[in-house]
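Be aware that the sequence shown starts at 740, since it is given in our numbering, and climbs by one per residue. We put the beta carbon where it would ideally sit given N, CA and C, even for glycine. Quick caveat: nothing in here was measured; it's all calculated off a predicted structure.
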Amino acid sequence: MTLELTTLAFVLLCIAGISLLVLFFYYTYFFTGLKKYSHSESTLPISVVIAARNERLNLEKNLPAILNQDYLNFEVIVVNDGSWDRTKDYLEELALTNSRLKIVTIELDEKFQKGKKFALTMGIKAASNESILFTDADCKPTSDRWIACMAHLLETNKVVLGNSPLVVRNTPLGSMINYETFHTAMQYLGYASRGVPYMGVGRNLAYTKSLFFENKGFASHQHIMSGDDDLFVQEVATDENTAICLDPDSFTMSDGPHGIQDWLKQKTRHLGTGNLYLNKFKLLLGIYALSQLAVFIVAIALLIIYPQMWYLGTGILLLKWIVQWIIMYGPSKRLGYIKVGYALPYYDVLYTIYLLFFGLARPFLKPKKWN
740 MTLELTTLAF VLLCIAGISL LVLFFYYTYF FTGLKKYSHS ESTLPISVVI AARNERLNLE
800 KNLPAILNQD YLNFEVIVVN DGSWDRTKDY LEELALTNSR LKIVTIELDE KFQKGKKFAL
860 TMGIKAASNE SILFTDADCK PTSDRWIACM AHLLETNKVV LGNSPLVVRN TPLGSMINYE
920 TFHTAMQYLG YASRGVPYMG VGRNLAYTKS LFFENKGFAS HQHIMSGDDD LFVQEVATDE
980 NTAICLDPDS FTMSDGPHGI QDWLKQKTRH LGTGNLYLNK FKLLLGIYAL SQLAVFIVAI
1040 ALLIIYPQMW YLGTGILLLK WIVQWIIMYG PSKRLGYIKV GYALPYYDVL YTIYLLFFGL
1100 ARPFLKPKKW N
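Encoded structure:
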């Protein structure tokens, strides 16, 4: 009996060791390239495109900060996608006093729900400029130099991936959302910094008009409700044409989901694109997630099965958190998630619960509509 227990313990420790080595490789290779970029001047003509459906309140709160950017040559195109909350009235009134604002209206069609991708396509077609910067109606730039920072990188690149933190409530759910958003940012920005761009976020993303139409826009995944950012970036972004922008002045902020129902709706929409990821990205992300889960499962199993050797399970977690802390504390400050850096083990536990929950629930989540 003792030999069986020892053999089991050895197997569990081997699994933990392999999983830790995998995680440490990801940490030290992908997450150490997130260095601060200093901003520079640019005169590149920019078109900002925002797709909005029933976003009057958010537009009232955030659109002035975009229209008043400290940048000379830009326009702002808001696509009013069949809104019925007086969005049209607000935009038309604002356009009277701001010549930078261009309105594209899509009439509501109950029989045919066109979706956000159609709205974005209409905005891109209406853009006067080759370089296009995207954000959402519920997003607000952290400074009046947002356009300048992103435009500088667009001068020499066709795709620029930006950062967009969320403002969340001080609750366990808010903490989980906060860390998952931070972790996603570290992944897509870190992978891109190593020449493996696989996604961006529509809250802060830029690319050229010609790149969009040369690749037939969203045609290959038009039938999927989401994917205007991650699936499109996978198709067009390369090591040679993509840059990341980490200047704090380039960030956009938005409010996180207000409750578990809103959060599940948001994640369901985002997870709907997962099956269409290229196999190499599925493998890259899947190995990381499985290693994360394996470390916790093994540590808990050792604590339950061998309570007299509590130091085994505890030591595995402490080793993980120490290395993780050393690597991630800097990025947590640079990306605007300093709370994560202060209490990383707490957030890491919540992130593991998140992975386990959505791993089990994913087959049952079906996205309904984009807004």
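Check: Ignoring anything shorter than 4 residues or poking outside the segment 1022-1097, list the alpha helix (DSSP H) runs there in chain order.; Outcome: 1049-1073, 1077-1081
Check: Look at the Cβ atom of Asn-902, then the Cβ atom of Leu-928, and state whether they are nearer than 8 Å.; Outcome: yes
Check: What residues in its chain sit with their C-beta under 7 Å from that of Ile-976, if we drop five residues either side in the sequence?; Outcome: The question names Ile, yet the displayed sequence has Ala at residue 976. Val-898, Pro-936, listed in sequence order.
Check: In angstroms, rounded to a whole number, what distance separates the CA positions of Trp-1109 and Ser-1030?; Outcome: Residue placement at Trp-1109 is flagged as unreliable, the pLDDT there being 46, under the threshold of 50; the coordinate-derived value follows with that caveat. Going by the C-alpha atoms only, they are around 32 Å apart.
Check: Within 10 angstroms of the Cβ of Pro-1017, are there 16 or more other Cβ atoms? Answer buried if so, exposed if not.; Outcome: First, the residue type needs correcting, since residue 1017 is Leu and not Pro in the sequence shown. Exposed, because fewer than 16 other Cβ atoms sit within 10 Å of the Cβ of Leu-1017.
Check: Let me check one thing: in DSSP terms, what residues is Lys-856 bridge-paired to?; Outcome: DSSP output for Lys-856 lists no bridge partner at all.
Check: Going along the chain, which residues of its own chain have a beta-carbon closer than 7 Å to the beta-carbon of Tyr-918, five neighbours each way excluded?; Outcome: Val-1079, Tyr-1086, Leu-1089, Tyr-1090
Check: Does the pairing of the segment 756-776 with the segment 851-860 give three or more beta-carbon distances under 8 Å?; Outcome: no
Check: I'd like to check one pair, Tyr-829 with Gln-1063: are the Cβ atoms closer than 8 Å?; Outcome: no
Check: When you compare each of Asn-793, Ile-816, Thr-860 to Ala-958 by their alpha carbons, which one comes out closest?; Outcome: Thr-860
Check: With which residues is Thr-895 paired in a DSSP beta bridge?; Outcome: Thr-895 pairs with nothing; no bridge assigned.
Check: Relative to the C-alpha of Gln-973, which candidate in Ala-1028, Thr-745, Phe-951 has its C-alpha closest?; Outcome: Phe-951
Check: The alpha helix (DSSP H) that contains Val-972, what's its start and end?; Outcome: 969-975
Check: State buried or exposed for Gly-939, treating a residue as buried only when at least 16 other CB atoms are found within 10 Å of its CB.; Outcome: buried
Check: Using the rule of at least 16 other Cβ atoms within 10 Å of the residue's Cβ for burial, across every protein chain shown, is Gly-681 buried or exposed?; Outcome: Absent from the model: residue 681. The displayed extent of the chain is 740 to 1110, so no value can be given.
Check: Does the beta-carbon of Ile-1039 have 16 or more other beta-carbons within 10 angstroms, so that it is buried, or is it exposed?; Outcome: exposed
Check: Taking its Cβ as the centre, do 16 or more other Cβ atoms sit within 10 Å of Asp-968, making it buried, or is it exposed?; Outcome: buried
Check: Which residues mark the beginning and the end of the alpha helix (DSSP H) in which Asn-819 is found?; Outcome: Taken as a continuous stretch (DSSP letters only), Asn-819 belongs to no alpha helix (DSSP H), being part of the beta strand (DSSP E) at 813-820.
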